[in-house]
Structure formats: C-alpha cells, structure tokens
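Numbering follows this note's numbering, in which position 481 of the sequence shown is assigned residue number 915; successive positions increment by one, without gaps.
From the three backbone atoms N, C-alpha and C, an ideal C-beta is built for every residue, glycine too.
Written below as structure tokens is the structure these notes are about.
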Amino acid sequence: MAGRIRDADIAEVRDRNRVDEVVGEYVALRRASAGSVKGLCPFHDEKSPSFNVRPTHGTFHCFGCGEGGSVIDFIMKIEQLGFVEAVEKLADRVGFRLTYEGGGSSVQKDRGTRTRLLAANKLAAEFYAAELRTPGEAQKAREFLAERGFDQASAEDFGCGFAPSGWDRLTKHLLAQGYTLDELEKAGLSRPGQRGHIDRFHRRLLWPIRDLGGDVVGFGARRLFDDDRIEAKYLNTPETPVYHKSKVLFGLDKAKREIAKTRQAVIVEGYTDVMAMHLAGVPTAVASCGTAFGDDHVAVLRRLLMDDSFDRGEVIYVFDGDAAGQAAAIKAFEGDQQFAAQTYIATAADGMDPCELRQASGDVAVRDLVARRQPLFAFAVRTILAEHDLTTVEGQTAALQRTVPLVARIRREDLRDGYARRLAGWTGWPDENTVVRRVRESAGAPVDTPTRRTQRRTQAQATRTEGPEMPDRRDPRLRVQREVIKAALQAPALAGPVYDTLPDDAFSHPGYLAVHQAVLAAGGTASGLSGHSWLNAVADEVPTGFRPLVSELAVEALQSRESDDHRYISGMLAGLQESLVGKQVAEIKSRLQRLSPVTDADEYHELFGDLVALEQYKKALRGQAAGVVAL
435 MAGRIRDADI
445 AEVRDRNRVD
455 EVVGEYVALR
465 RASAGSVKGL
475 CPFHDEKSPS
485 FNVRPTHGTF
495 HCFGCGEGGS
505 VIDFIMKIEQ
515 LGFVEAVEKL
525 ADRVGFRLTY
535 EGGGSSVQKD
545 RGTRTRLLAA
555 NKLAAEFYAA
565 ELRTPGEAQK
575 AREFLAERGF
585 DQASAEDFGC
595 GFAPSGWDRL
605 TKHLLAQGYT
615 LDELEKAGLS
625 RPGQRGHIDR
635 FHRRLLWPIR
645 DLGGDVVGFG
655 ARRLFDDDRI
665 EAKYLNTPET
675 PVYHKSKVLF
685 GLDKAKREIA
695 KTRQAVIVEG
705 YTDVMAMHLA
715 GVPTAVASCG
725 TAFGDDHVAV
735 LRRLLMDDSF
745 DRGEVIYVFD
755 GDAAGQAAAI
765 KAFEGDQQFA
775 AQTYIATAAD
785 GMDPCELRQA
795 SGDVAVRDLV
805 ARRQPLFAFA
815 VRTILAEHDL
825 TTVEGQTAAL
835 QRTVPLVARI
845 RREDLRDGYA
855 RRLAGWTGWP
865 DENTVVRRVR
875 ESAGAPVDTP
885 TRRTQRRTQA
895 QATRTEGPEM
905 PDRRDPRLRV
915 QREVIKAALQ
925 APALAGPVYD
935 TLPDDAFSHP
945 GYLAVHQAVL
955 AAGGTASGLS
965 GHSWLNAVAD
975 EVPTGFRPLV
985 SELAVEALQS
995 RESDDHRYIS
1005 GMLAGLQESL
1015 VGKQVAEIKS
1025 RLQRLSPVTD
1035 ADEYHELFGD
1045 LVALEQYKKA
1055 LRGQAAGVVA
1065 L
C-alpha cells in the first residue's frame, strides 16, 4: 500500500495554488466586488455568472448549483479526480515534491487512475515527437508539414509527432516504463491484435490533443502513405476516461488565454488550420477533434468568453469557401444561438482553407480573412437568396418561402425583427411590414401593431399619466447607456470630460437621448455645477415629458460593486464608446465587402488601414470596460 500525503504538504499545495489562478485556467473570471471574482459556472449551464471565487479565502462557491470548496475540491470536481490525484496534480503544477508517510511505493495504488493515463499519454507524445525527428520513414511526415508551411519549430511548438511502423514499438516502450497493457488499452494507446497488444497508430503524422489544463488526453493521426490499410484520412483516439471528443478542442490549451482576453474564439475545421491561424497571428483559433462542433464545445467556450451578455464577445466560424463550406455554415446556424456573443462566418475565396490561404497569400491574408467576417445569420440567409432570381416576383416569392422560416428561428426577438426588415430589402419586397409579420407568425410570436400593443398595456401602465414612453430600467441592452447618464447626473466631475464628447447616436432610447442633450445644453459635465443646482439646470433643458426621468436617474444608485466609482464610471464610458466604435467598424467592413482590392486598390487599402486602427481602439476600450489595462 502507498503512504498517505503529509497534512503539512496538503496545506502547502493548497496555499501555493491560488484558487483564482487555477479556476482561471478553466473559466474566464472578472471582478465582482471587493475581494472576489466571478464567472460562468463550469458545473452547470447558466446564462448569468453565479460562480464566485474569493482568492483571499482560497475558496469558490456557485450560488446557482451550490458547488463550493477549496482549490483541491475544484480540481477534484472539474477533472473528475480523487483527492490524492488532485493534490498530486496541483503539486506538479507548482513544482512541489510531496512526501508520503508510511506504506511503500505508490505505483500499485495508482494503477489505472486518471493520473497514470495522463502520464502515459505524455510519454507517448514525447515518444512520437522524438520519432518525427528521427531520419528514415518519418521523412514523409516532415515533408507533409513543410509543404504546408510549417518548419521544425512550428512542429515542436504544437507537439507534432510520428507513429512509426512496427506493430508494438510504443507499447513496448511504455511497458518498459512500468505501465500495464490494461492501462495502455484504457488510455487508447494500444489495442488487442492477433498476437497480443499492438500500437493504436502506425505510420501516421500525429498531433497531441490537450485539455484545458494542458495535459495530453489523446491524439489525432493523419494518413500519409498510399498503402496504409486504413483508408480514413484522419484517426483519433477512441473515447477513454480522459479523452471525450465532444468536449475537447485542438489548440484550446494555447488559445484559452487570448480567448478570455479578447473575448473572441475562431473555430476552424482541422489541425493544420489551427496551426496556420496561430502562426499567422490569430491566436484564438481552435478546432473540434474527429467530430462536429457541438453543445459541449459551446459550453467550454462560453465559460472562456464570459458569454453572459450580447455584443461583448465574438465567435467566428471559418469554413472553406466551397459548397461544402456553405453547407457547414448553414448547419452552424442551427447551433450558434447557444452563444450570447455575436456569431460570424469567414470564408476564403476559391474554396481554400486557412492553411491553403496562408500558403498562397501569406499571414496578412489569414488575418484579413478574420477581419472581413460577416454575421452568420446574414450569410446563411443570403446564401439561400443567391439561388433565386430576385429580379422577378416569382423569384422573390420563392426566396421568401425558403428564408422566412430560417429568419423565424432566430431566438432573440430584436434580432429576428431586424433581419426580417433586412430580408425585405435583400429580396426587394416592397412591403417591409408584410415580411416582418410573416416572420413573426412563423416564429409563433405575437403579431402586434402599435394600436394593439397599446390596448394590452397593464393596468398600471394604463393609469399612468400619458406622456412619452420611458425606458425600462431592467433592459440589459440599455444598461450601459443608463449607467453613463446616471454618472453624468450624479457625479459630473467623474464622468467628464469624456461624457461631453459622446455623440447623440450613443443613446438609442428617446428618453436617454433627451436627457443627454439636456446635459450638454446645460453646459455639460464641465459646467462646474453639481448637486441640486446641476440637476435643476438639466431639468430646465429637458422636454417636460422626460423631467421625471431626470429625477429617477438622479436618485437611482449606480450598479457598481467596486469601491472606486471613478474606475466604474470610466469602464461604463469605455463600454459605450466601444459600441460606437463597433458601429464604425461594421460600417467599414460593409464598405470593404463592396470594394475590390484589385480595381479599387487605393480606397480599399485606405479603408483597411482605418479598420485596423479602429479594431485596435475597440480592443483597448474593451479592456478598459472590463477593468483590464490594455497593453
């Protein structure tokens, strides 16, 4: 029997592994209040973050599902480990050597455990990597990589390897390291043959697949030789206790920090595409492994994207620009609405994948491919519209018959109505309201007219003094606008001078726009007024119907949980500015799509330069809005 880990060592491991840093490898965290951070719970599906971590206490707790405990408890739960395995994993993480009291060697106790399987996979990855560097039959694999623009350094960075010929070379190597045949079969590295266990992979180029923690959990293997008995171009490790293809994404161990930082995930289709993207300067690229991108993959990315509010993150699908790629994009339409983030698609011309595009046109072309992304909803609809002759009434009618049900499947009501109006314009249908009504009917939503909506007001609304419609203070889409105006009224010295530079189109609700214009008319936040005199000055400038809104915003507390109001207000202002810059970015992208880089080269490159600058500015604002100093 193996000895037990000393209590002092367990305490040391717990102290050396900050709970927020460990949790942060699996979940994107943001500041919640003094001394705590929060994110989307990895143990149950939720739309709003209720998973709280307190670094000073070394604990976590989810107010949604009740899971909680120390950093050791978190690793046990997230990795499905026993207590000893979790302590050992955390000890390895910080390079701490554990001491066992009593008992003998721990080998027997550990046989077949997750830790042993991961260790076997790690040794296998090292074995395969060494084989790739060995002269001889691995030359074919090295040529495959070189032909696709990957040098030795790139191959080593992604851990590429080669499975040699010979039926059991890896199996014998691992047996010599103390592993059993049962363990190797359980890990998916060996399988029973006619004369005993043989290696799972032979004469193939391999990529190690790692989990979020960076441990090798499986492999993807590419066919190289024409006489390979297995016709499949790619083989993957079968389902094992540590490898679940529906939950792993190739490249995620490298991309996770950039995904959490930039709130962008780029989803490509293959191993070489991920390599090409990263090497071209798109470090947020990942790919599914031997299966379609599915619900479990979505759950993993949502936690990294902090995907709890619309318009803050981006998920970009990159597909080949051929018919198969278009079909994949239409299929992606079905599942992408599980993200709250904006979802886009990017397709290269001539049916090229990102790896081919990088070879043909270089790194800039790959980055440009991502920059020229377009909303997935729009792409899906317009792909279908392209199959119809929209110059005829018959073509328009047929196109609407096919696309109205598609638009109706958009879950968000405001997006659905917006695309319904666009659909009318794309098809050239003269009556926009008819298309909107048909989409709503297909979606099973109420087909309201303003008159009927007015008739269905609640009693409380009906008895209210008639006047302009007030904004709903609980509307999440207007939260930032509301917080910014509250700041201008309650703390003008902290809101200025940035607030005074905000244009009218920063405020989408008539009520907020009216108050904003009144603030500027009263002299702006730089007027020197404050308190009661400041509020009276603004109230004197606002239309009579919106004066109650000024009073409401003046007394409603800021939603900040931070002790520093200046930091919070600056973040809100940056968030509003980010949305404005986002509109400019979208407008430039739309103009670029209508230009040819060949025939309109000067205008195209000038706009592209503006786009790059605005994207950088938007990124900086996003960092400030999230409370992060953008470097």
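Secondary structure remark: continuous alpha helix (DSSP H) runs of at least 4 residues inside the stretch 803-833, in chain order: 810-819.
R448 and D441 have their C-alpha atoms some 11 Å from each other. By the Cβ criterion, the stretch 905-912 is not in contact with the stretch 856-874, since fewer than three pairs of Cβ atoms, one from each stretch, lie closer than 8 Å. By the 16-neighbour rule on beta-carbons within 10 angstroms, P880 is exposed. Q993 sits in coil when the DSSP states are folded into three classes, being neither helix nor strand.
Distances from the alpha-carbon of S722 to those of G685, V953, A794 and G492 put G685 closest. Proximity to E1012 across D1034, F941 and V732 peaks at F941, based on C-alpha coordinates.
Taking C-beta separations shorter than 7 Å and ignoring five residues to either side along the sequence, the partners of L824 in its chain run Q830, A833, T861 and G862, following chain order.
Inter-residue distance for V800 and V976 is about 50 Å (C-alpha atoms, whole angstroms). Residue state for K556 is assigned as helix, using DSSP reduced to three classes. Contact annotation, P598 with E560: C-beta distance approximately 14 Å; criterion of less than 8 Å not satisfied.
With respect to the 8 Å criterion, A554 and L608 are classified as neighbours on the basis of their beta carbons.
Under the Cβ criterion (8 Å, minimum of three pairs), the stretch 676-693 counts as touching the stretch 721-738.
Q1018 places its beta carbon less than 8 Å from that of L1048. Judged by beta-carbon spacing, G503 lies within the 8 Å limit of F494, meaning their Cβ atoms are closer than that value. In the displayed model, Y460 falls within coil according to three-state DSSP, outside both helix and strand. Setting aside the 5 residues that flank it on each side, R855 is surrounded in the same chain by E866, V869 and V870, each with a C-beta closer than 8 Å to its C-beta; the list follows chain order.
Taking 8 Å as the upper bound for CB-CB distance, R464 and G473 are in contact here, some 7 Å apart.
Counting of Cβ neighbours within 10 angstroms places R438 among the exposed residues, the total staying below 16. For the beta strand (DSSP E) assignment, the uninterrupted runs of no fewer than 3 residues enclosed by the stretch 696-744 are, from N- to C-terminal side, 698-702 and 719-722. Under the 10 Å beta carbon count, H966 is surrounded by fewer than 16 other beta carbons and is classified as exposed. Here L639 carries a strand assignment [DSSP, helix/strand/coil]. In the three-state DSSP reduction, K472 falls in the strand class (E or B). Apart from sequence neighbours up to five positions away, the residues of its chain that approach L923 with a beta-carbon distance below 6 Å are L987 and A988, ordered along the chain.
Looking at the DSSP output, V650 shares a beta bridge with R644.
Per the DSSP secondary-structure output, E535 pairs in a beta bridge with R438. Rounded to the nearest angstrom, the Cβ distance from A960 to P931 is 6 Å, consistent with a contact under 8 Å. Assignment of I444 by DSSP, reduced to helix, strand and coil, places it in the helix class. It is roughly 47 Å from the alpha-carbon of R637 to the alpha-carbon of L1029.
Taken through DSSP and simplified to helix, strand or coil, H678 comes out as coil. Within the same chain, and ignoring the five residues on either side of I444 in sequence, the residues whose Cβ sits closer than 7 Å to its Cβ are V521.
Residue ranges of uninterrupted beta strand (DSSP E) with 3 or more members, entirely inside the stretch 576-632 and ordered along the chain, are 595-597 and 624-627.
Separation of E1040 and A782 (C-alpha to C-alpha, rounded to the nearest whole angstrom) is 21 Å.
Only buried fits H822, as 16 or more other CB atoms lie within 10 angstroms of its CB. For L1029, the secondary structure class from DSSP, reduced to helix, strand or coil, is coil. Boundaries of the alpha helix (DSSP H) harbouring R916: R913 to Q924, taken from the DSSP string.
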